[in-house]
Structures are given as structure tokens and as C-alpha cells.
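To start, the structure under review is shown below, and the notes come after it.
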């Protein structure tokens, strides 16, 4: 089903000097340096992989190729690092030869259009829905989600096994032609469960204070870096996420030490991918941080850019200054990617202030040429939620580009690219 044009999103093109049209360097100053434009494909689970093998199909090859563009970064859908990592049969894996071969077709298709693609490495932990009885639900602590199995607390042997699985997955991603790997450390999945005290009640070296709770994260990052090097590894974090019963009382107390340690330990780290705070509706079950905390990723941006905010009484005080940030440099090369809430109407203003690469999800589903539409001020198509997770090509590979729309009308268009 072809989505209709969103009549609200009629806009003019950015001015030639707009920061949105200026590229940013990933891996600046290294042999892996890549020039990126500012619109990335956010990782999107679509549940269209082969259920027998959890390998991407030819539909996925078309889907990612359609969304590739010169200097454009695609972050693939969350991908299981091992059989034990999760039980969704139509979500993909990267732990078998068949899966590696199938992903190679995808990466080749993206590279043929001048784009880049990173693999998002994933394990469910307590979010395993129990769909496959052969896969045991494990987590940092035996704290279950509503309507999910109560997980078994992971042993040290389990932890070691998962760290090894992430490392093997990264090696497989390299064989499959991915340009790098992103660790899924967000949205209530396994790595996120270790980080936050709401889901990690361990009393050993992997629990307790944030140094203990972040140990699993850094062990996994070390394993990914062993495969790709610092410059080609990223991590996704959701300090303000409520999904799957997450959210700390004071997210800054958890995530500021994590980001500080990350930039200290990995001075050439590729990117940090933050999920932006959402506007919540105030439903009775909605969680909020403790009173007085301003939800913002700006204090984390400041740490990555080497800005000292210690003169401010609290991170929230700094966040309220609405700061502007410089682009990464050879001295501070880590790129910041931001996701959640970006669309064609607000992304230019957001990038102008933050300097982030904006990862867009839903509008990239309905507009395979979304960067071209945004850079040129073309109308965008509204997405259709009913096709997000349905099987088959409808709502997946049947959305036209702007050029295809114009060709159908007999009109030629000349597009701008950064």
C-alpha cells in the first residue's frame, strides 16, 4: 500500500549554508574516515526475515538498497548475536554461515549506491517473549516483565558466553561486508538491563554501583572493537527510555559515568547513538525521573565534545541553557547520532543546534529517498503503522521515490545532495 503524501509536510529546501547540508566525518583522522550526510536510517525491526533460518531475504536486499544513498549511513534492524540471544523467528541473526551470506547481498547492494551500513548487535535478555521454548530467558537478575517469563539470573559463565557471542557476531558482520557494528544498549534489552538498577540487582562484580553495572557493556564493546577497531564501533543508549519497564530515578547518575568512561577508554570511538527524550502523555503507568530532573541528552553531548559542565549545579541546569555543539574533530572524533521524533519539519533546526546525525525511522519507511526529499524540500509521505511488522512486500519495498512519483507524472527533477 503506497502511503499518501503528508499534506502537513510541505516545506522549502534548506538554504545552501544550512548545517543540515554539511557532511560530518565518521572516524575523523583515521584510515577508516568516512564522510556522512546528516540523515541516517534508524535501526528498525520489520519482522520479514526467513523464519526457518533467521536470514534476510531478497526483500531485505531491495529494502536496504532503496534506502541507500551516497554518504548515507544505514543502521540495520536489530540482529541476534546468537541463537540464545532471542526468540523472534522472523528477526534476523548473524551467527550462521547462511545468515552471513544473506547479509553480504544486502551490504553489497548498499555499497553499490555509495552508502554505508552498520550492523546492530542485539540480545533480548528478559525481553524474550518465550516464543521459542528452546531458548531460555536469562537476564542480569530474576526480574520479569509483565506477561513475560521470569528470567533466570545469568551466571558468570552465561556472561562470558554472551560476550564471546557478541565478538563472534562482530567478526561475522565483518565477513558479511558491514562497515561497522553498533551495540544495542538501549530500549530495555540485555545490555540496557545490566546498566540500570531497575533491572540489575546483582551483588557481584556485574552489579551494585554503575562501575559494576557497566562492566558487561564495556566487555562487549571490547569484543566488538577487537573485530572492527574503535573507529568503526558505535553504541546505542536510551537514558530516558521507559520501554520495557526501564528508567532510572536519576538517569544522569547512571549515564554520565558511562559516557565519561566511554570517551576515556575509547578516544577514537566511532559514534554514540542516543535515543532522545519523548513527550509522554501522562498515563497512570508512565514513569518519570525524580523531581527537578530535566530530560536532555545535552550533558552527554558536552562530555563527548570535551566541554566541562562542572560549574553548573546539576546536569539539568546545563541542559536548560540550550547549548550549541561543534562537529567532531580529529581530536574529539566521536560522532553523535540522535533518534526519536525527527521528521522533515524539525530536523534542520535540531541539527543546526546539536551537530548530530539525525537517525530517522518511520518516515524512512514510507520515503526510501528521505534524505533527498529533506535536502530538497520535497513533500514526504506519511507512514502506515499497519504495515510496520506485517509479512511481505506491502509497506516494505513498494514506496515510491520522489523521482518515481515525478516520472509517473512526466516531470523531471534535479536533486541536491550534500
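In my numbering, the protein residues as written are 164 to 581.
Glycine included, each C-beta is placed from N, C-alpha and C at the ideal position.
Taking 8 Å as the cut-off, the Cβ atoms of residue 294 and residue 256 do not count as close.
Every beta strand (DSSP E) of 3 residues or more that sits fully in the segment 301-348 is shown, in chain order, as 343-348. Distance between residue 180 and residue 376, taken at the CA atoms: about 44 Å. Of the candidates 477, 504, 551, 464, 464 places its Cα closest to the Cα of residue 486.
Annotation for residue 379: 322, 354, 357, 369 place their beta carbon closer than 7 Å to its own, counting only its chain and skipping 5 residues before and after. Under the three-state reduction of DSSP, residue 256 is assigned to strand. Here residue 520 is near residue 236, since their CB atoms are less than 8 Å apart.
The secondary-structure analysis by DSSP pairs residue 242 across a beta bridge with 284. A Cβ-Cβ contact shorter than 8 Å links residue 559 with residue 226. Buried is the label assigned to residue 532, since at least 16 other Cβ atoms lie within 10 Å of its Cβ.
Under the DSSP definition of a beta bridge, residue 399 partners with 347, 436. Runs of the beta strand (DSSP E) lying entirely within the segment 173-222, each at least 3 residues long, are 187-189, 197-199, 202-204 in chain order.
Exposed is the label assigned to residue 455, since fewer than 16 other Cβ atoms lie within 10 Å of its Cβ. Counting only the Cα atoms, residue 200 lies some 11 Å from residue 500. The beta carbon of residue 198 is closer than 7 Å to those of 186, 188, 234 in its chain, skipping five residues each way along the sequence. Under the 8 Å Cβ criterion, the segment 239-246 does not count as touching the segment 561-573, having fewer than three qualifying pairs.
Nearest to residue 261 by alpha-carbon distance, out of 383, 220, 248, is 220. The alpha-carbon of residue 314 is positioned some 11 Å away from that of residue 292. By the Cβ rule, the segment 297-315 does not count as touching the segment 263-278, because fewer than three pairs are nearer than 8 Å. Taken through DSSP and simplified to helix, strand or coil, residue 472 comes out as coil. CA-CA distance, residue 543 to residue 397, rounds to 29 Å.
With a beta-carbon spacing of about 4 Å, residue 546 and residue 529 fall inside the 8 Å limit used to define contacts. Checking the DSSP bridge columns, you'll see residue 500 partnered with 436, 520. Note that the C-beta distance between residue 320 and residue 304 is not below 8 Å. Fewer than three Cβ pairs drawn from the segment 427-440 and the segment 474-484 lie within less than 8 Å of each other, which leaves the two stretches out of contact.
Residue ranges of uninterrupted beta strand (DSSP E) with 3 or more members are absent from the segment 544-579; none lies entirely inside it.
As DSSP reads the structure, residue 237 sits in a beta bridge with 204, 280. Straight-line measurement puts the Cα of residue 395 at about 7 Å from the Cα of residue 195.
DSSP places residue 488 outside both helix and strand once states are collapsed to three, so it counts as coil. Between residue 393 and residue 290, the C-beta gap is not smaller than 8 Å, which leaves the two residues out of contact. Separation of the CB atoms of residue 512 and residue 232 is rounded to 22 Å, and the pair is thereby denied contact status at 8 Å. DSSP places residue 380 inside the alpha helix (DSSP H), whose first and last residues are 378-391. Annotated three-state conformation of residue 456 is coil, per DSSP. Per DSSP, the unbroken alpha helix (DSSP H) holding residue 417 starts and ends at 414-428. Take residue 337, set aside five residues on each side of it, and the residues of its chain with a beta-carbon closer than 7 Å to its own are 390, 391, in chain order.
In the DSSP assignment, residue 465 falls within the alpha helix (DSSP H) that extends over 461-467.
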